[in-house]
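Visitor:
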Amino acid sequence: MPRILIVGGGFAGSDLARRLQKGLSRDWEICIYSAENHLVFTPLLPEVVGGAINPLHVVWPIREMAAGVTCRTAEVRKFDLEANEIEYVGPLGEVLKDQYDQLVLCCGLAVKLDIVPGMDEFGWPLKTLGDSFALRNHVVQQLERAEAEPDAERRAGLLSFAVVGGGFTGVEVAGALRDMVSESARLYSRFEAEDIQVTILEGAPRILGPLAERLAAYAHRQLEKAGVTIRVGVQVQSVSSQGVVFADGEELKARTVIASVGNEPQGLLANTPLKSERGRLVVDGEMRVSGQENVYAIGDCAAVPNASDDSISPTLAQFAVQQSKRLAKNLIAESRGKEAQPFSYKTRGMFAALGHGKAVGSPYGFRVTGWVAYLFWRGIYWSKMPSFSRKVQIAGDWISGLFFRRDVVEISTMRTPRGSLQPARPPAEEKPHP
Ligand SMILES: Cc1cc2nc3c(=O)[nH]c(=O)nc-3n(C[C@H](O)[C@H](O)[C@H](O)COP(=O)(O)OP(=O)(O)OC[C@H]3O[C@@H](n4cnc5c(N)ncnc54)[C@H](O)[C@@H]3O)c2cc1C
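Under the working numbering, the first residue of the sequence shown is numbered 547, with each subsequent residue one higher.
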C-alpha cells in the first residue's frame with residue numbers, strides 16, 4: 547500500500563492528515579508522526595497564562611482529529627531521501643525506521659532563546675501547552691512569594707514581569723497577565739494591584755508592527771490604561787534571575803522575563819541537504835521541496851510562495867491551515883491523474899487581544915477596536931476549534947469569566963514523598979525552570 551508520511555501534528559500536519567483521510571482513496575495509508583500526541587491551539591495560550599481558560603481546552607488529540615489515520619507519538623530524528631525512509635525514536639529510546647512514498651514536513655519552528663544571553667536559562671518561552679501551564683503556575687507562585695517576602699525591594703522584583711517582544715504574542719500575553727494579576731491582588735495583604743508591574747520591551751519604534759499604525763497606537767493606549775508599561779526602541783542585552791539589562795546599561799528588575807521573540811529550524815531540519823532560506827525550507831508554489839519529487843513542506847517550517855500577492859507566507863496558523871487545504875487537494879488530484887494548483891490565499895486579517903473585553907484587528911481590510919474587535923477575535927477563534935466538545939468547553943470558560951473571578955490556585959505538581967530522602971517541597975529560590 548503506498549504511504550504518505552506526515553511529520554508534525556500541529557495546525558498544518560493534523561489538518562492535512564484529516565483532509566487526506568477523508569478525500570484520498572483507501573488504497574493509500576496516511577501516517578502521522580508527531581512529538582506530542584496533540585495539536586496546540588496556540589492563539590489561546592496567552593489566555594491559559596492569564597487563567598481565563600482551562601489548559602486542557604486548547605489542545606486536541608491528533609488521533610481524534612484525524613480518525614482513521616495511523617498516529618505515532620514519536621520524534622523523527624532523520625530522513626533518508628535516497629531510501630525514502632525516516633528514523634524515529636522508539637519507546638525505549640531506540641532508533642526505528644519507517645518507509646514512505648510521499649513525505650510531508652510540517653514540523654513548525656523551534657523557539658530560539660539564546661538570541662539574548664541569559665534568556666535560555668532565565669526566560670519563559672510560550673509555545674507549548676507545557677509552557678503556558680508552567681508560566682501560569684509560576685505567576686501564581688510569584689504572588690505567593692511576594693506575600694511571604696517582608697523586604698519591599700525584593701518584593702518589587704517578585705512582582706515585576708517583563709515581556710520581551712511587542713508583537714502579537716507579547717502583547718496578548720502582557721494583556722492577559724495584567725488582567726490576572728490585577729484581579730488577584732485583592733486576595734493578598736502585602737501588595738496591591740498598583741505594586742505589580744507588567745512591562746513590554748520592544749526594540750522597534752512601536753508595538754504590533756504588522757498592524758496599521760492607528761490600530762497599534764490604540765492598542766498601546768489601551769494597554770497603558772490597563773496598567774501595562776510599554777517601552778519601545780529598547781534593546782535587551784542580557785537576562786538574569788534578577789531581570790534584564792539594556793544595551794545602554796540600564797537595568798529593569800523583573801524576576802519573570804517572558805520571551806516572545808526568536809525562532810529557528812527544528813533540529814530535524816538543521817542538518818539536511820534541503821535548501822532553506824532564513825531558516826525555512828525552500829518550496830515551489832505547489833509546496834514541493836526544492837529539488838525533490840516526493841517531499842513537500844508546509845506551515846511555519848516552509849517558505850511557501852503565495853500566488854495571490856507573490857509574497858512568502860508568514861508564520862501564521864491561518865496560512866498553515868490554508869496550505870494544508872491546498873496540498874490535500876493537490877495530492878488527491880494527482881492520485882487521480884489531475885494537475886496540482888499553486889498555493890494562493892488572501893489573508894482575512896489579523897487580531898490582537900489586549901486583555902478582557904478589548905482587542906484590535908483588521909478583518910477583511912476593516913479596522914476594528916474595543917469590544918467589537920474582541921467579539922470578532924473570540925468568534926473567529928471559536929469557529930476554528932476542531933471539535934464540538936471543545937467549542938462548548940471554551941464557550942463555558944468564557945461565559946464563566948463574565949461571572950466569576952479567576953482562580954489563583956497553584957496547580958501543584960508536588961507528589962507524596964516516598965522514602966526519607968525525598969524533600970517535602972522544592973526550595974523556594976531554585977532556578978525558574980526545571
Ligand atoms: C503563543 C502563540 C500565539 C500565536 N497566535 C497566533 C494567532 O493568533 N494567529 C495565527 O494565525 N497564528 C498564531 N501563532 C502562530 C501559529 O501557532 C503557527 O503559525 C502555527 O502553529 C504553525 O503551524 P505548523 O503546523 O506549521 O507548526 P506547529 O503548530 O508548531 O506544529 C509543529 C508540530 O511538529 C511537531 N514536531 C516538531 N519537530 C518534530 C519532530 N522532529 N518529530 C515529530 N514531530 C515534530 C511538534 O510537536 C508540533 O506538533 C501563534 C504562535 C504562538 C507561539
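Every residue, glycine too, gets a C-beta built ideally from N, C-alpha and C.
Nothing here was measured: the structure is a model prediction, and the numbers come from that model.
1. Can you check DSSP and say which residues form a bridge with Ala849?
2. Spatial neighbours of Gln768 within its chain, please: CB distance less than 7 Å, with the 5 preceding and 5 following residues excluded, ordered by chain position.
3. Quick test of the definition: if touching needs 3 or more C-beta pairs under 8 Å, does the region 952 to 966 touch the region 680 to 699?
4. What three-state label does DSSP hand Asp561 in the structure shown?
5. Hey, how far is the Cα of Met726 from the Cα of Gly597?
6. Please state the DSSP three-state secondary structure of Pro637.
7. Give me the Cα-Cα distance between Leu704 and Ala800, rounded to the nearest whole angstrom.
8. Quick check: Phe587 and Gly845, are their CB atoms within less than 8 Å of each other?
9. Beta-carbon of Ala598 versus every beta-carbon of chain B: anything under 8 Å?
10. Here's a check: name, in chain order, each residue in its chain whose Cβ is nearer than 7 Å to the Cβ of Pro888, leaving out the five neighbours to either side.
11. Give a yes or no on whether the C-beta atoms belonging to Glu810 and Ala581 are separated by under 8 Å.
12. For the alpha helix (DSSP H) that Ser870 lies in, which residues bound it at each end?
13. Just the C-alpha distance for Glu621 and Ala848, rounded to the nearest angstrom, thanks.
14. Whole angstroms are fine: how far does the CA of Leu733 sit from the CA of Ala1043?
15. Since Ile632 and Asp644 are thought to touch, with beta carbons under 8 Å apart, how far apart are those beta carbons, to the nearest angstrom?
16. Kindly identify the DSSP beta-bridge partner or partners of Phe922.
17. How far does the alpha helix (DSSP H) with Ala698 in it extend, from its first residue to its last?
18. Measure the alpha-carbon distance for Ser786 versus Val710 and round it to whole angstroms.
19. Taking Cβ to Cβ, would you say Pro592 is nearer than 8 Å to Ala694?
20. For Pro932, which residues in the same chain have their Cβ closer than 6 Å to its Cβ, ignoring the five residues on either side in sequence?
21. What do you reckon, are the CB atoms on Cys652 and Gly559 nearer than 8 Å?
22. According to DSSP, what are the bridge partners of Phe737?
23. Would the region 912 to 924 and the region 563 to 572 be scored as touching if the rule is three or more Cβ pairs under 8 Å?
24. Classify Ala698 as buried or exposed, calling it buried when 16 or more other Cβ atoms lie within 10 Å of its own Cβ.
25. How would you write the range of the beta strand (DSSP E) that Ser513 sits in, first residue to last?
Guide: In terms of the structure at hand:
1. In the sequence shown, counting from the first residue as 1, residue 849 sits at position 303. Answer by DSSP bridge pairing, in chain order: Val828.
2. The residue labelled residue 768 in the question sits at position 222 within the sequence shown. The answer, listed in chain order, is Leu900, Lys904.
3. Below 8 Å, enough C-beta pairs join the region 952 to 966 and the region 680 to 699 to call them touching: three or more.
4. One-based indexing of the sequence shown puts residue 561 at position 15. Here Asp561 sits in helix by DSSP.
5. Taking the sequence shown and counting its residues from 1, one reaches residue 726 at position 180. Taking the sequence shown and counting its residues from 1, one reaches residue 597 at position 51. If you take the alpha carbons of Met726 and Gly597, they lie about 7 Å apart.
6. For this step, residue 637 is matched to residue 91 along the sequence shown. Here Pro637 sits in coil by DSSP.
7. In the sequence shown, counting from the first residue as 1, residue 704 sits at position 158. In the sequence shown, counting from the first residue as 1, residue 800 sits at position 254. Cα-Cα distance, rounded: 7 Å.
8. Along the sequence shown, read from residue 1 onward, the residue named residue 587 stands at position 41. Along the sequence shown, read from residue 1 onward, the residue named residue 845 stands at position 299. No, they are not a contact pair.
9. The question asks about chain B, but that chain is absent: this structure has only one protein chain.
10. Residue mapping note: residue 888 aligns to position 342 of the sequence shown, counting from 1. Excluding positions up to five away in sequence, the list reads Gly831, Glu832, Ala853.
11. Taking the sequence shown and counting its residues from 1, the one referred to as residue 810 is at position 264. Taking the sequence shown and counting its residues from 1, the one referred to as residue 581 is at position 35. Their beta carbons are not under 8 Å apart, which means Glu810 does not touch Ala581 by this criterion.
12. In the sequence shown, counting from the first residue as 1, residue 870 sits at position 324. Taken as a continuous stretch (DSSP letters only), the alpha helix (DSSP H) holding Ser870 covers 863 to 881.
13. Counting from 1 along the sequence shown, the entry for residue 621 is found at position 75. Counting from 1 along the sequence shown, the entry for residue 848 is found at position 302. Each residue's alpha carbon lies about 19 Å from the other.
14. Outside the shown range of the chain (547 to 980) lies residue 1043, about which nothing can therefore be said.
15. Residue numbering aside, residue 632 sits at position 86 when the sequence shown is read from its first letter. Residue numbering aside, residue 644 sits at position 98 when the sequence shown is read from its first letter. Right, the Cβ-Cβ distance comes to about 5 Å (below 8 Å), so this counts as a contact.
16. Taking the sequence shown and counting its residues from 1, the one referred to as residue 922 is at position 376. Its beta-bridge partners do not exist; DSSP assigns none.
17. Stepping through the sequence shown from its first residue, residue 698 is reached at position 152. From DSSP, the alpha helix (DSSP H) with Ala698 extends over 698 to 704.
18. Within the sequence shown, residue 786 is the residue found at index 240, counting from 1. Within the sequence shown, residue 710 is the residue found at index 164, counting from 1. C-alpha separation (whole angstroms): 13 Å.
19. Looking up residue 592 in the sequence shown gives position 46. Looking up residue 694 in the sequence shown gives position 148. No, these two residues do not count as a Cβ contact at 8 Å.
20. The sequence position of residue 932 within the sequence shown is 386, counting from 1. Within the same chain, and ignoring the five residues on either side of Pro932 in sequence, the residues whose Cβ sits closer than 6 Å to its Cβ are Trp606, Met611.
21. Start at 1 with the first residue of the sequence shown, and residue 652 comes out as number 106. Start at 1 with the first residue of the sequence shown, and residue 559 comes out as number 13. Their beta carbons are under 8 Å apart, which means Cys652 touches Gly559 by this criterion.
22. Against the sequence shown, residue 737 aligns to sequence position 191. Bridge partners of Phe737: none, in fact.
23. Fewer than three pairs of CB atoms, one per stretch, sit closer than 8 Å, so the region 912 to 924 makes no contact with the region 563 to 572.
24. As a working mapping, residue 698 is identified with position 152 in the sequence shown. By the 10 Å Cβ count, Ala698 comes out exposed.
25. The first residue shown for the chain is 547 and the last is 980, placing residue 513 beyond what the model contains.
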